[in-house]
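Chemist:
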Amino acid sequence: MIKAKMQETIQKRLAELGLDALLVYSDGTHSLLVPSYLHYVVGTRAMGQSAALITRDGRSRWLVEPAWDQPRVAPLSWIKDVRGTTNLCRDLMDAVKELCPSGRLAGSGLAPMPEDMNAALESRAKISQADDLVEEIH
Numbered sequence: 079m080i081k082a083k084m085q086e087t088i089q090k091r092l093a094e095l096g097l098d099a100l101l102v103y104s105d106g107t108h109s110l111l112v113p114s115y116l117h118y119v120v121g122t123r124a125m126g127q128s129a130a131l132i133t134r135d136g137r138s139r140w141l142v143e144p145a146w147d148q149p150r151v152a153p154l155s156w157i158k159d160v161r162g163t164t165n166l167c168r169d170l171m172d173a174v175k176e177l178c179p180s181g182r183l184a185g186s187g188l189a190p191m192p193e194d195m196n197a198a199l200e201s202r203a204k205i206s207q208a209d210d211l212v213e214e215i216h
């Protein structure tokens, strides 16, 4: 799929599912044996863990660790709001609060998410599993 159409396709699928945002997580592991949902969505790979949030109304943000990797990955993605972070859990919770206050999220690639981050996310959002959504639009 042409990456320029990615946001439009995600927005359409979120509307069909009655969800307000897609959250895609990567722990930074890159393997040929495991799907890389975040790479499929953003178009490139970060050096460490990262998460992208794409909303049904057209906003998007990609949080990248380590923070110093942001200048390298930002021009490689269709997402314009790419932010380096030193605390992904905190900044992700802030992004969910700001971009998806309803908390109705589709989540993809969440299995390797650290327990503390997962617990914080589940306290703020109702998450529907969406690995298949990302595979479908990829």
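79 is the number of the first residue of the sequence shown in the working numbering; add one for each residue after it.
Even for Gly, the Cβ is constructed at its ideal location relative to N, Cα and C.
Beta-carbon within less than 6 Å of A129's beta-carbon, same chain only, minus the 5 sequence neighbours each way: which residues are those?
Modeler: Y103, L141 and L170, listed in sequence order.
Chemist: Mind checking who Q148 pairs with in its DSSP beta bridge?
Modeler: For Q148, which the question treats as bridged, DSSP gives no partner whatsoever.
Chemist: CB A184 to CB A208, shorter than 8 Å?
Modeler: Contact: yes.
Chemist: Would E143 pass as a contact of L177 if the rule is Cβ separation under 8 Å?
Modeler: Taking 8 Å as the Cβ cut-off, E143 and L177 do not qualify as a contacting pair.
Chemist: For Q207, name the three-state secondary structure that DSSP assigns.
Modeler: Strand at Q207.
Chemist: Taking a contact to mean a Cβ-Cβ separation below 8 Å, would you say A145 touches T163 in this structure?
Modeler: It is a contact, given that the beta carbons lie within the stated cut-off.
Chemist: Exposed or buried, what is I80 when buried is set at 16 or more other beta-carbons lying within 10 Å of its beta-carbon?
Modeler: Any reading at I80 must be qualified, since the residue scores a pLDDT of 45, below 50, and its modelled position is unreliable; no value is offered.
Chemist: Is the segment 98-118 touching the segment 181-195 in the sense that three or more CB pairs, one from each, lie closer than 8 Å?
Modeler: Yes, since at least three Cβ pairs between the segment 181-195 and the segment 98-118 fall closer than 8 Å, the two stretches touch.
Chemist: Spatial neighbours of V174 within its chain, please: C-beta separation below 8 Å, excluding the five flanking residues on both sides.
Modeler: Result list for V174: A99, L101, L131, G181, L183, L199, R202 and A203, in chain order.
Chemist: For a test of the three-state rule: what should DSSP assign to L97, helix, strand or coil?
Modeler: Reduced to three states, the DSSP call for L97 is coil.
Chemist: Taking 8 Å as the cut-off, decide whether the C-beta atoms of S186 and I157 are in contact.
Modeler: Contact flag unset, no.
Chemist: For V112, does the count of other Cβ atoms within 10 angstroms reach 16, so buried, or fall short, so exposed?
Modeler: When all chains shown are included, V112 counts as exposed.
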